[in-house]
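Working notes for the structure below.
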Amino acid sequence: MLVEQQKMESLAGRLVEEEVKGRSPWADARRRFVRNKAAMLGLVILVFVGAFALFGPYIAAWSIDELDFMVLGQVAELGGPSIETGHYFGTDDLGRDLFARVVQGTQISLMVGLVGAAIAVIVGTLWGAIAGYVGGATDNVMMRTVDILMAIPYMFVLILLLVMFGRSIAMLFFGIGLLSWLDMSRIVRGQTLSLKNMEYIEAARATGVSGFRIILRHIVPNLLGIVAVYATLLVPLMILTESFISFLGLGVQEPLTSWGALISEGAGTMQYGTLWQLLFPLFFFVITLFGFFFVGDGLRDALDPKDR
Amino acid sequence: MVSFILKRLAVAIPTLLVLIVLSFVLMHAAPGGPFTRERAIPPEVLVNLNARYGLDEPLWKQIGTYLWNIVAHFDFGPSFVYPSRTVNDVIAQGFPITLTYGAISFLVAVIVGCSLGVAAAIKQNSWLDYLAVGISIGAQVLPNFVMAPILVLVFTLWLGWLPGGGWNDGQWEYLIMPVVALSTSFMASIARITRSSMLEVLAQNHIRTARAKGLPTRRILLRHALKPAMLPVISYLGPAFVTMITGSVVIDLFFSTGGIGLFFVNAALSRDYSVMMGITILIGGLTILFNLVVDILYAWIDPRIRY
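Here it is, written out as structure tokens:
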């Protein structure tokens with residue numbers, strides 16, 4: 001019993017003791033990132049927007065599809081932002097609560113951005129890593145395919161897909177994911193080419209690890225830095241793409257909404273004196289893009305080996 | 001150089017064919033035919049319609065005919081929704097307008113962007129530099145569909161200086177806002193790329209040599225620094241062109257300029273597949289052609305590149 005006690009004490013002591021060890025590259029990168037003011041500001045913005053999307057529905061006084069008959073027909077006079085009516089961001093042209101709609105737009109736009117980027121990351125990383133690691137004719141065929149797909153006018157084909165197969169959110173995810181992994185695969189392939197001649201890969205091969213396992217266990221984890229940077233910069237691009245399509249009225253369909261659709265609605269009615277309908281969605285759209293770009297730049301600076 | 005161009009063509013032509021075949025197959029895979037309407041069409045009429053548009057032929061033959069008409073006659077076929085109009089009519093009506101303001105925007109973006117970037121690099125850490133960097137960061141989050149409403153809000157609704165839309169044969173008042181809205185984000189990107197590549201070039205040895213032997217600054221900048229600094233900018237022009245053409249859809253829709261993007265969106269809303277495909281293929285072809293030109297330009301400017 002006493003021995004146990006001693007053992008535990010020494011273990012606790014060792015746990016409390018500052019570990020003396022070299023800083024890992026990741027710890028270094030984290031330190032650099034935290035010191036970067038713009039990146040930290042970006043992170044704060046993103047946390048704010050994320051909290052807005054998550055907790056907004058509990059704050060909203062009105063539901064998304066409820067019409068406020070008190071303001072209907074006099075939106076410009078009565079539908080402005082106010083605490084008393086519960087329309088914190090005012091109402092839209094049909095008398096629906098803009099706060100609830102901006103919350104929903106934020107949810108959908110963020111979701112499209114994150115899912116689109118996730119698809120791009122998974123497909124692009126695997127495609128690029130396989131092409132780079134296997135090399136030879138396989139590499140040639142895979143990268144020619146990427147070249148050809150890259151020359152295709154992305155947005156037009158995406159709209160073509162949406163029109164032909166129905167404008168559902170699932171189709172939007174599929175279409176954006178289908179066309180967004182190309183850059184990723186190129187970057188990853190380049191990185192893989194330089195990784196694959198490293199000694200530890202040779203060692204893994206010598207001990208008889210299968211090719212696919214080497215890619216998954218040894219190549220992909222080492223690509224993580226560059227993939228993380230690129231993925232952060234990919235999210236705003238996906239959001240831009242979705243907003244672009246929704247602005248044209250070809251994206252998500254009513255009653256669902258997204259930033260692009262809200263900006264488009266607000267821009268359509270701004271000459272009637274209902275400026276808040278444009279400015280609130282625009283504000284969230286702009287700060288979110290800023291946030292992602294700042295964080296992405298910060299990550300790149302933090303992880304850039306040239307900087308060390 | 002000739003063999004290089006031929007090699008690039010050997011990649012470009014299959015790409016275009018893939019695009020044509022792909023969009024055709026997509027159209028076929030889509031649920032519902034091009035004549036699926038809210039009100040069902042009598043089957044006899046459908047048979048006639050399919051025969052009129054050649055849709056009763058086997059798929060490979062349809063693709064062959066479509067491909068042949070485009071390649072040999074530059075004929076994209078009839079519109080499925082408006083029988084009296086062909087896709088070629090739509091292109092002929094809209095494309096010159098898109099080309100006019102697109103080319104102006106492209107030139108503005110390149111000229112202003114490059115000048116801003118070079119000026120910022122020469123006077124690094126001056127107010128001009130901070131201004132340029134500030135603009136290029138700010139403009140990143142102001143894509144055309146955000147710029148367009150803001151411009152109309154300020155210059156049409158508040159100040160009343162410029163007309164809020166229309167084309168009017170391309171009078172300059174009608175051109176300003178579309179051009180600014182379309183070119184801003186590209187101008188910013190070009191300025192950022194130019195600035196960083198110029199800074200990199202200016203730190204290199206051959207510039208120091210040129211300075212040491214007493215060449216005038218002007219000459220160093222124009223002859224020795226500018227050319228290598230332009231290389232990253234040129235490689236950005238390809239993607240910029242594509243995104244700009246895509247952006248013209250927003251411009252056409254928002255400013256009612258009557259360019260090709262308006263027809264594309266209307267075709268998308270009325271499910272006019274043949275018009276959509278025609279425009280997509282036309283723009284794909286232009287993209288491929290433009291990338292070819294950029295590649296050749298790149299190889300011509302940079303003597304290190306040999307294929």
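These protein sequences, in sequence, are chains A and B. In terms of full-length UniProt numbering, the first sequence has 75 at position 75, counting the first letter as 1, and numbering is strictly consecutive. In terms of full-length UniProt numbering, the second sequence has 128 at position 128, counting the first letter as 1, and numbering is strictly consecutive. Every residue gets a Cβ at the ideal spot worked out from N, C-alpha and C, and that includes glycine.
When the options are compared against residue i, the one with the closest alpha-carbon
| i | options | result |
| --- | --- | --- |
| Lys196 of chain A | A:Leu178, A:Pro221, A:Met184 and A:Ala120 | A:Pro221 |
| Leu223 of chain A | A:Val121, A:Leu237, A:Val44 and A:Leu161 | A:Val121 |
| Gly238 of chain B | B:Gly258, B:Leu151, B:Ile296 and B:Ile260 | B:Ile296 |
| Phe255 of chain B | A:Val252, A:Leu250, A:Ser264 and A:Leu256 | A:Ser264 |
| residue 344 of chain A | A:Gln74, A:Ala129, A:Gly249 and A:Ser210 | Because chain A here runs from 1 to 308, residue 344 of chain A falls outside it and cannot be looked at. |
| Gly164 of chain B | A:Ala53, A:Asp92 and A:Gln271 | A:Gln271 |
| Pro143 of chain B | B:Ser248, B:Arg304 and B:Thr65 | B:Ser248 |
| Phe263 of chain B | B:Asn88, B:Asn48 and B:Met230 | B:Asn88 |
| Gly117 of chain B | B:Ala229, B:Ser235 and B:Ala51 | B:Ala229 |
| Arg271 of chain B | A:Val163, A:Ala170, A:Gly113 and A:Ser246 | A:Val163 |
| Gly116 of chain A | A:Met171, A:Phe69 and A:Phe165 | A:Met171 |
| Ile159 of chain A | A:Phe292, A:Ile245, A:Glu66 and A:Ala151 | A:Ile245 |
For residue j and residue i, the rounded distance between their alpha carbons
| i | j | result |
| --- | --- | --- |
| Pro96 of chain B | Asp252 of chain B | 13 Å |
| Arg308 of chain A | Asp28 of chain A | With a pLDDT of only 40 at Arg308 of chain A, under the threshold of 50, the placement of this residue in the model should not be trusted, and no figure is reported. |
| Ile215 of chain A | Pro25 of chain A | 22 Å |
| Asn266 of chain B | Val201 of chain B | 47 Å |
| Gly105 of chain A | Trp259 of chain A | 5 Å |
| Val133 of chain B | Phe106 of chain B | 20 Å |
| Phe99 of chain A | Gly90 of chain A | 7 Å |
| Gly102 of chain B | Ile245 of chain B | 7 Å |
| Val293 of chain B | Gly95 of chain A | 52 Å |
| Tyr200 of chain A | Tyr133 of chain A | 14 Å |
| Glu173 of chain B | Ala148 of chain B | 15 Å |
| Phe33 of chain A | Gly296 of chain A | 10 Å |
| Arg108 of chain A | Lys7 of chain B | Residue 108 of chain A is actually Ile in this sequence, not Arg. Those two C-alpha atoms are separated by around 44 Å. |
| Met1 of chain A | Arg23 of chain A | The predicted model places Met1 of chain A with a pLDDT of 49, which falls under 50 and marks its position as unreliable; any figure quoted below should be read in that light. For Met1 of chain A and Arg23 of chain A, the distance between alpha carbons rounds to 38 Å. |
| Leu19 of chain B | Leu149 of chain A | 8 Å |
| Ser126 of chain B | Ile176 of chain A | 41 Å |
| Leu193 of chain A | Gly208 of chain A | 20 Å |
| Ala299 of chain B | Ser3 of chain B | 12 Å |
| Trp167 of chain B | Arg217 of chain A | 58 Å |
| Glu242 of chain A | Trp62 of chain A | 26 Å |
| Ser84 of chain B | Pro42 of chain B | 21 Å |
| Ala204 of chain A | Val157 of chain A | 42 Å |
Residues of its chain near residue i, where Cβ-Cβ distance is below 7 Å and the 5 sequence neighbours each way are ignored
| i | result |
| --- | --- |
| Arg300 of chain A | Val229 |
| Leu41 of chain A | Phe294 |
| Phe145 of chain B | Val250 |
| Arg63 of chain B | The residue you asked about is not Arg; residue 63 of chain B is Ile in the sequence shown. Excluding sequence neighbours, Ile63 of chain B sits near Val21 and Phe24. |
| His224 of chain B | His206, Ile207 and Ala210 |
Any C-beta of chain A under 8 Å from that of residue i
| i | result |
| --- | --- |
| Trp147 of chain B | Here residue 147 of chain B is Met; the residue named in the question, Trp, does not match the sequence. Cβ-Cβ to chain A under 8 Å: no for Met147 of chain B. |
| Ile122 of chain B | no |
| Ala268 of chain B | yes |
| Met27 of chain B | yes |
| Met276 of chain B | yes |
Contact with chain B by residue i, beta-carbon distance below 8 Å
| i | result |
| --- | --- |
| Ile176 of chain A | no |
| Ser243 of chain A | yes |
| Asp307 of chain A | Note that Asp307 of chain A scores 45 on pLDDT, short of 50, meaning its location in the model is unreliable and no value can be drawn from it. |
| Gln74 of chain A | no |
| Ala267 of chain A | yes |
| Asp147 of chain A | yes |
| Pro153 of chain A | yes |
| Ile64 of chain A | no |
| Ile159 of chain A | yes |
Cβ neighbours of residue i in the same chain (closer than 6 Å, five flanking residues each side left out)
| i | result |
| --- | --- |
| Thr86 of chain B | Pro78 |
| Leu222 of chain B | none |
Close Cβ partners of residue i (< 8 Å) along its chain, the five nearest in sequence each way excluded
| i | result |
| --- | --- |
| Leu110 of chain A | Val49, Gly50, Ala53, Ile239 and Thr288 |
Inspect the CB distances between the region 106 to 119 of chain B and the region 179 to 192 of chain B and report whether three or more fall short of 8 Å. yes
If we count Cβ pairs, one from each stretch, closer than 8 Å, do we get three or more for the region 284 to 291 of chain B versus the region 5 to 25 of chain B? yes
Spell out a yes or no on whether the region 143 to 161 of chain B and the region 200 to 214 of chain B are touching, meaning 3 or more CB-CB pairs, one atom from each, closer than 8 Å. no
Report yes or no: do three or more beta-carbon pairs, one from the region 170 to 185 of chain A and one from the region 123 to 130 of chain A, lie closer than 8 Å? yes
Does the region 276 to 284 of chain B come close enough to the region 213 to 228 of chain B to have 3 or more Cβ pairs within less than 8 Å? no
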